[in-house]
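Student:
Number of protein chains: 6
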Amino acid sequence: MSEHPISRYPVPEVKDLPDDLREKVLAIQESSGFVPNVFLALAHRPDEMRAFFDYHDALMGREGNLTVADKEMIVVATSADNSCQYCVVAHGAILRIRAKNPLLADQVATNYRKADITDRQRAMLDFALKVSNEARSVNESDSGVLRSHGFDDEDIWDIAAITAFFGLSNRMANFTAMRPNDEFYGMGRGMPADS
Amino acid sequence: MSEHPISRYPVPEVKDLPDDLREKVLAIQESSGFVPNVFLALAHRPDEMRAFFDYHDALMGREGNLTVADKEMIVVATSADNSCQYCVVAHGAILRIRAKNPLLADQVATNYRKADITDRQRAMLDFALKVSNEARSVNESDSGVLRSHGFDDEDIWDIAAITAFFGLSNRMANFTAMRPNDEFYGMGRGMPADS
Amino acid sequence: MSEHPISRYPVPEVKDLPDDLREKVLAIQESSGFVPNVFLALAHRPDEMRAFFDYHDALMGREGNLTVADKEMIVVATSADNSCQYCVVAHGAILRIRAKNPLLADQVATNYRKADITDRQRAMLDFALKVSNEARSVNESDSGVLRSHGFDDEDIWDIAAITAFFGLSNRMANFTAMRPNDEFYGMGRGMPADS
Amino acid sequence: MSEHPISRYPVPEVKDLPDDLREKVLAIQESSGFVPNVFLALAHRPDEMRAFFDYHDALMGREGNLTVADKEMIVVATSADNSCQYCVVAHGAILRIRAKNPLLADQVATNYRKADITDRQRAMLDFALKVSNEARSVNESDSGVLRSHGFDDEDIWDIAAITAFFGLSNRMANFTAMRPNDEFYGMGRGMPADS
Amino acid sequence: MSEHPISRYPVPEVKDLPDDLREKVLAIQESSGFVPNVFLALAHRPDEMRAFFDYHDALMGREGNLTVADKEMIVVATSADNSCQYCVVAHGAILRIRAKNPLLADQVATNYRKADITDRQRAMLDFALKVSNEARSVNESDSGVLRSHGFDDEDIWDIAAITAFFGLSNRMANFTAMRPNDEFYGMGRGMPADS
Amino acid sequence: MSEHPISRYPVPEVKDLPDDLREKVLAIQESSGFVPNVFLALAHRPDEMRAFFDYHDALMGREGNLTVADKEMIVVATSADNSCQYCVVAHGAILRIRAKNPLLADQVATNYRKADITDRQRAMLDFALKVSNEARSVNESDSGVLRSHGFDDEDIWDIAAITAFFGLSNRMANFTAMRPNDEFYGMGRGMPADS
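Chains as they are written, first to last, in this note's numbering: chain A, 61 to 255; chain B, 61 to 255; chain C, 61 to 255; chain D, 61 to 255; chain E, 61 to 255; chain F, 61 to 255.
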């Protein structure tokens with residue numbers, strides 16, 4: 061286990077968290093086997109942490125046409141473009157698991173244009189990158205392109221909102237030098253490729 | 061009153077909002093005299109809206125060394141850099157009022173480097189812009205510069221987090237083509253300059 | 061009234077200007093009620109000032125298909141992109157007055173793509189920004205797009221030349237830290253919106 | 061002699077120019093042996109042309125501490141960065157002649173950082189490029205650097221103003237596809253290198 | 061095993077390669093257990109392939125102060141910045157193995173500024189990125205910084221040359237859509253972290 | 061003859077080169093009348109030099125549909141964009157001679173979009189610049205455009221590979237501050253224009 065700090069800011073102990081947050085963190089530890097560092101790093105500011113995870117859950121847990129793998133792909137592609145180590149490593153692991161594909165996350169992180177994805181997914185990621193880098197120019201014609209790939213207006217909101225939310229997350233992670241847990245790097249790599 | 065749509069997405073009527081959000085919106089209408097469009101545009105997704113305003117309030121309402129005018133200045137400078145019409149116009153109005161200065165918002169929006177602000181505020185905005193555009197390179201030496209201007213580590217977190225949160229807001233506003241209320245443009249312009 | 065310097069360079073008194081320039085400045089003072097600072101800041105170099113205003117007048121005073129509001133919109137959009145405080149504030153005021161619209165200048169300065177303008181005007185500003193930022197790639201196909209919006213070749217020259225001239229102006233204003241007169245900020249804001 | 065058009069716009073015959081401009085053009089033809097195309101291309105708009113050359117002469121003809129070669133170097137370096145064929149080729153010729161150096165113009169056009177120039181000249185060109193590309197950030201500290209190389213405030217204005225004026229010229233030349241005269245390419249190349 | 065093409069260009073069979081190249085490829089297959097796709101994709105042009113691997117071997121096999129892990133780190137950091145999937149995935153595997161560290165490659169690929177590396181290595185990668193993106197500005201002062209970290213002039217040449225060579229490689233891999241072998245993704249991930 | 065160093069690194073004497081390289085250099089001196097400095101600057105590392113020239117010769121000497129002038133045009137356009145003085149000056153000379161056109165090299169170096177070239181050549185250079193600056197986005201649709209101009213897949217490989225190779229060369233030349241021989245500047249300028 062590495063001994064590097066997980067944030068440039070003080071990190072509370074789980075036992076010292078407010079009740080609701082401690083409960084949330086213990087639940088995730090139960091299900092994942094470890095506490096992802098984002099929960100500890102953000103717990104430095106409990107009010108912001110609550111809003112952060114409410115926002116996260118509203119977006120990532122929402123039922124819709126985007127699959128969980130689609131959503132994680134958006135996170136990985138935009139976080140890689142923002143050079144966010146925490147999000148690329150942690151959500152890369154989730155993407156491998158959700159997509160049941162050990163190659164996809166590294167492909168999407170490095171150059172999604174060359175990844176083993178569908179044209180529809182490529183259009184989704186093109187749009188996510190535009191929202192991330194050049195939202196000023198987003199307009200109805202972008203929605204037109206996405207609709208031609210079968211996305212409806214709620215899907216398009218999802219793509220934009222996930223991108224915007226992880227843009228916030230990427231900036232906080234880079235600002236705090238948030239460290240991905242060592243566990244994430246190897247997760248989901250054992251499955252047969254493209255199976 | 062203009063007849064332009066306030067979002068590219070459907071906008072609910074206040075009476076149709078979930079109770080907690082309707083109450084929140086009516087309270088702001090009471091205090092401001094009108095409902096800022098961001099409340100209506102985001103109400104298309106109540107769960108996301110709740111988290112959005114919880115996050116907003118956690119940051120903007122937090123007690124600390126940054127004045128309200130400092131915080132609004134961060135919002136205006138980074139939102140202008142992101143070409144976000146809603147945030148520049150709405151928070152420009154708040155900045156004029158909070159700083160009791162009718163010139164400051166337009167100066168900060170156009171080029172904060174030439175605005176009537178202190179060196180400390182310029183250092184604050186330099187850092188906010190770095191978090192917004194190049195968070196990948198933020199490190200301890202940035203904190204060192206800010207500390208030399210009297211900011212402590214919690215102030216620095218505030219600057220970064222406000223920037224990151226409004227980066228999300230800017231992307232959503234540009235994505236939805238969120239329209240600032242006509243009322244904002246003229247607010248706070250009647251005070252004597254530099255008084 | 062603010063006490064900030066209006067330029068990083070020495071600013072002559074009106075009474076000390078060469079006769080022709082003093083006359084010009086007094087005439088504008090008569091018509092506007094105050095002397096716009098650009099006249100004082102540039103008077104540090106009378107020969108350059110004469111050429112500057114001759115160029116300005118040749119472009120802005122020329123009869124053609126562009127309305128005065130169209131021309132001011134070009135100035136505001138390109139000057140905002142160049143972060144020129146003087147030109148955005150001063151020409152923003154003129155744009156509000158000429159367009160009889162108190163909202164338009166702030167919209168165009170922040171993100172003309174979302175402003176209350178026509179498709180024809182948006183094409184005009186797209187081209188102006190291309191001339192400003194990427195003149196190396198301008199070619200006949202740009203003129204084709206503009207012609208499809210009803211502009212003729214002389215209109216297109218006007219758009220390009222106004223952009224190029226204010227590019228000069230923006231650089232001089234940023235270099236000298238030219239300060240907009242306090243009067244400009246509030247001018248033209250009293251009209252009913254969209255009337 | 062090449063048969064390519066010298067502008068995308070109509071070019072008047074010298075004999076059809078207004079008297080003052082025809083005289084000016086004939087004088088330059090007398091001294092240079094040919095009419096530089098900029099005079100013909102800009103003559104499409106006589107009023108703008110007059111102001112253009114008045115501005116040009118005010119800057120390039122002004123007595124000061126910058127040598128003629130210094131000024132031409134500024135023109136070549138900034139015009140190359142703006143990809144302006146006319147200005148690089150025409151002023152490259154003038155630079156070779158004024159500096160009595162057949163190598164300098166091509167060096168400065170390609171990468172002034174590696175050209176056979178003094179540290180003082182390199183600081184001058186660093187500043188010119190900053191005014192050209194990032195005037196928003198120019199401030200007193202830039203002047204401080206230049207003063208440490210022996211430039212006074214009037215020299216610094218000259219550097220900024222020449223850069224700003226040729227920024228205008230570069231945009232008009234790229235917009236009109238202004239063609240450099242064939243004569244310029246070979247001028248000043250016959251002198252012994254570094255003599 | 062995936063069935064995706066490994067290049068947009070025809071890929072020869074190993075048995076059809078010229079003798080010297082076939083021998084080279086069989087040797088690497090012997091030592092690695094598989095043929096890295098770069099050998100097959102580049103074999104479309106045997107003469108270029110020979111020069112490519114001679115250059116590669118001259119740089120990567122040269123004895124000097126840079127460790128093999130240092131060299132691979134340069135490859136991974138600059139290839140990630142160039143969005144080169146093949147080089148990041150293949151050399152990421154080699155970096156994990158050479159550094160005996162299963163985390164390092166993903167850290168360096170995403171944001172080397174936050175990776176578990178020394179200040180000396182960070183200075184090395186800062187310089188590599190400058191050579192990759194802005195070689196025009198490289199000069200003696202860069203060497204001064206590197207010397208202060210203990211690099212000598214031959215080490216500095218190695219950093220620059222490895223960067224320049226993989227810049228070529230990145231462009232060819234992106235152009236041909238060269239696909240990393242599935243084997244690379246998981247290699248070197250089994251070691252204890254930070255051991 | 062200038063006395064400036066031709067590299068920031070030690071430059072061997074021709075007589076001290078390994079036999080094969082000395083022979084190569086003497087042959088080029090015989091045919092050109094002088095030794096281009098690239099041979100001396102790179103001779104600091106003989107193994108790299110051998111691979112460099114093998115690669116160069118494999119690409120530039122290959123028979124195909126690209127003319128020698130086409131290839132040199134690619135070198136000049138991409139090297140100018142990379143601000144590489146050595147390659148622009150040296151290959152500019154070769155381009156003038158091969159194309160028998162004294163104007164073309166300076167036109168292509170400054171702004172190939174305005175050069176006296178065919179639409180086919182402009183498409184070739186558009187693609188070369190894309191490979192140089194944004195290889196991550198190159199895909200089949202770029203090949204489609206080039207095929208519509210009559211290029212076949214081997215020509216397209218040539219364009220990409222020449223661009224990639226000179227990208228390496230540009231970085232090494234900028235890194236070493238490689239100086240073009242004075243002889244190159246004037247070569248090929250004596251021919252009648254457009255003959």
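Every residue gets a Cβ at the ideal spot worked out from N, C-alpha and C, and that includes glycine.
Using the Cα positions of R173/F and D76/B, report the straight-line distance between them to the nearest angstrom.
Tutor: Rounded to the nearest angstrom, the two C-alpha atoms are 57 Å apart.
Student: Which ranges would you report for the alpha helix (DSSP H) in the segment 172-218 of chain C if only whole runs of at least 4 residues count?
Tutor: Listed in chain order, the complete alpha helix (DSSP H) runs (minimum 4 residues) inside the segment 172-218 of chain C are 179-194 and 200-208.
Student: Residues in its own chain within less than 8 Å of A137/E by CB, not counting five upstream and five downstream?
Tutor: Here the set comprises V168, A169, Y172, L185, A188 and L189.
Student: Give a yes or no on whether the minimum CB-CB distance between N193/D and chain E is below 7 Å.
Tutor: For N193/D, the answer is no, since every Cβ of chain E falls outside 7 Å of its Cβ.
Student: Along the segment 108-123 of chain F, where does the CB come closer than 8 Å to a CB of chain C? Name the residues.
Tutor: If the cut-off is 8 Å between Cβ atoms, the segment 108-123 of chain F has nothing near chain C.
Student: Go ahead and pull the three-state DSSP assignment for L77/E.
Tutor: Note: L77/E maps to coil in three-state DSSP.
Student: DSSP three-state call for K223/A: helix, strand or coil?
Tutor: Before going on, a small fix: residue 223/A reads as Thr here, not Lys. In the structure shown, T223/A sits in a helix (DSSP, three-state: H, G or I).
Student: Within 10 angstroms of the Cβ of G152/F, are there 16 or more other Cβ atoms? Answer buried if so, exposed if not.
Tutor: Buried, by the Cβ-count rule.
Student: Determine, using beta carbons only, whether G204/F comes closer than 7 Å to chain E.
Tutor: Closer than 7 Å: no.
Student: E108/A by DSSP, collapsed to three states: which one?
Tutor: In the structure shown, E108/A sits in a helix (DSSP, three-state: H, G or I).
Student: Using a Cβ-Cβ distance under 7 Å, would N171/E count as near chain F?
Tutor: N171/E does not count as touching chain F.
Student: Using beta carbons (cut-off 7 Å, strictly below), is R68/E in contact with chain D?
Tutor: No, R68/E lies away from the interface with chain D (no Cβ there is under 7 Å from its Cβ).
Student: Please report the distance separating the alpha-carbon of F94/E from that of L100/E.
Tutor: One C-alpha to the other measures close to 11 Å.
Student: If you draw a straight line from the alpha carbon of A221/D to that of R180/D, how long is it in whole angstroms?
Tutor: Answer to the nearest angstrom: the Cα atoms are 18 Å apart.
Student: Can you grab the Cα-Cα spacing for the pair M133/D / D176/D, in whole Å?
Tutor: Going from the Cα of M133/D to the Cα of D176/D covers about 12 Å.
Student: For D254/A, which residues from the same chain have a beta carbon less than 8 Å from its beta carbon, with the 5 sequence-adjacent residues on both sides left out?
Tutor: Legend: pLDDT at D254/A = 41, less than 50; position of this residue unreliable, no value from coordinates given.
Student: Using three-state DSSP, classify Y245/C as helix, strand or coil.
Tutor: Of the three classes helix, strand and coil, the one that applies to Y245/C here is helix, per DSSP.
Student: For a contact defined as C-beta to C-beta under 8 Å, what are the partners of V98/D on chain C?
Tutor: Under the 8 Å cutoff, chain C gives no residues; its nearest Cβ is about 14 Å from V98/D.
Student: Closer than 7 Å, CB to CB, is F225/C near chain D or not?
Tutor: Closer than 7 Å to some Cβ of chain D, the Cβ of F225/C qualifies, so yes.
Student: Can you find a C-beta in chain A that's less than 7 Å from the C-beta of D179/E?
Tutor: No, its Cβ sits nowhere closer than 7 Å to a Cβ of chain A.
Student: Among H209/F, S197/F, F225/F and M232/F, whose alpha-carbon lies nearest the alpha-carbon of F235/E?
Tutor: Checked all of H209/F, S197/F, F225/F and M232/F; the closest Cα to F235/E is S197/F.
Student: For the segment 82-98 of chain D, which residues have a beta carbon sitting closer than 7 Å to at least one beta carbon of chain I?
Tutor: Looking at the structure shown, chain I is missing, and the protein chains on hand are A, B, C, D, E and F.
Student: Give me the residue from D141/A, P72/A and N125/A with the minimum Cα distance to H104/A.
Tutor: Considering only alpha carbons, the answer is P72/A.
Student: Quick one: any contact between the segment 211-231 of chain C and the segment 120-132 of chain C, if contact means 3 or more CB pairs under 8 Å?
Tutor: Contact holds: three or more Cβ-Cβ distances are below 8 Å.
Student: For A183/F, which residues of its own chain have a beta-carbon under 7 Å away from its beta-carbon, when the five flanking residues on both sides are left out?
Tutor: So the qualifying residues of the chain are V205, L206 and H209.
Student: Got a sec: is the Cβ-Cβ distance from M232/D to anything in chain C below 7 Å?
Tutor: Yes, because at least one Cβ of chain C sits closer than 7 Å to the Cβ of M232/D.
Student: Among the residues of its own chain, which have a CB less than 7 Å from the CB of N241/B, if the five just before and after it don't count?
Tutor: F94, P96 and N97.
Student: Do you know whose CA, among D130/D, N142/D, A140/D and S139/D, lies nearest L155/D's CA?
Tutor: Among D130/D, N142/D, A140/D and S139/D, the Cα nearest to that of L155/D belongs to D130/D.
Student: How would you write the range of the alpha helix (DSSP H) that T138/C sits in, first residue to last?
Tutor: Per DSSP, T138/C belongs to the alpha helix (DSSP H) from V128 to D141.
Student: For A150/F versus F225/F, is the C-beta spacing smaller than 7 Å?
Tutor: Going by C-beta atoms, A150/F is not nearer than 7 Å to F225/F.
Student: Report the neighbours of A140/B on chain C: residues whose CB is nearer than 8 Å to its CB, in chain order.
Tutor: Per Cβ cutoff of 8 Å: T170.
Student: Between the alpha carbons of R249/C and I157/C, how many angstroms are there, rounded?
Tutor: Whole-angstrom Cα-Cα distance: 8 Å.
Student: Does DSSP put F94/F in a helix, a strand or coil?
Tutor: Looking at F94/F - three-state DSSP - the assignment turns out to be coil, as it is neither helix nor strand.
Student: Please list, in chain order, the chain A residues whose beta carbon lies closer than 9 Å to that of P162/E.
Tutor: Here the neighbours are D242, Y245 and G246.
Student: Would you say R196/F lies against chain A (beta-carbon separation less than 7 Å)?
Tutor: Yes, because at least one Cβ of chain A sits closer than 7 Å to the Cβ of R196/F.
Student: Shortest alpha-carbon distance to V191/E belongs to which of L228/E, A165/E and D166/E?
Tutor: Checking every option, the nearest Cα to that of V191/E belongs to L228/E.
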